[in-house]
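Right, one structure below, let's go through it.
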Amino acid sequence: ALLRLFLPSTSEISSLVSLFLFALSALLTWRMTNASIGKGAAVGTAVFVGMFIASLLVLFGLQALLGIDIPDSTTG
């Protein structure tokens, strides 16, 4: 969102950078989860997937509860 604010004409580049930063943060969070649990990669991965799914459920639940619509790319 901040990239689109500062670079509005380069939406493809900002989307790619946003996707890369999301993947990097997910990877680092997965590594931190594995290191903090200390029970192997399988258990750490299962916990990470559970936390990721729970965060998506909370996100979509709050959007529905508060009446926040998903932005449409055609309307800007």
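Once you know that position 46 of the sequence shown is 41 in the numbering used here, the rest is easy, because the numbers rise by one and skip nothing. Ideal Cβ positions, reconstructed from N, Cα and C, are used throughout, including at glycine.
Check whether the Cβ atoms of residue i and residue j sit closer than 7 Å, and answer yes or no.
i, j, result
"N29", "A36", "yes"
Classify residue i as helix, strand or coil using the three-state DSSP reduction.
i, result
"G62", "coil"
"G35", "coil"
Buried or exposed for residue i, please, with buried defined as at least 16 other CB atoms from any protein chain shown within 10 angstroms of its CB.
i, result
"G39", "buried"
Would you mind giving the Cβ-Cβ distance between residue i and residue j, rounded to the nearest angstrom? I have them listed as a contact below 8 Å.
i, j, result
"V44", "I32", "That pair is no contact at about 13 Å."
Should residue i be listed as close to the ligand NAD, given that the test is whether its C-beta is under 6 Å from any heavy atom?
i, result
"L52", "Only the bare structure without any ligand can be found here, which leaves the ligand NAD out of the picture."
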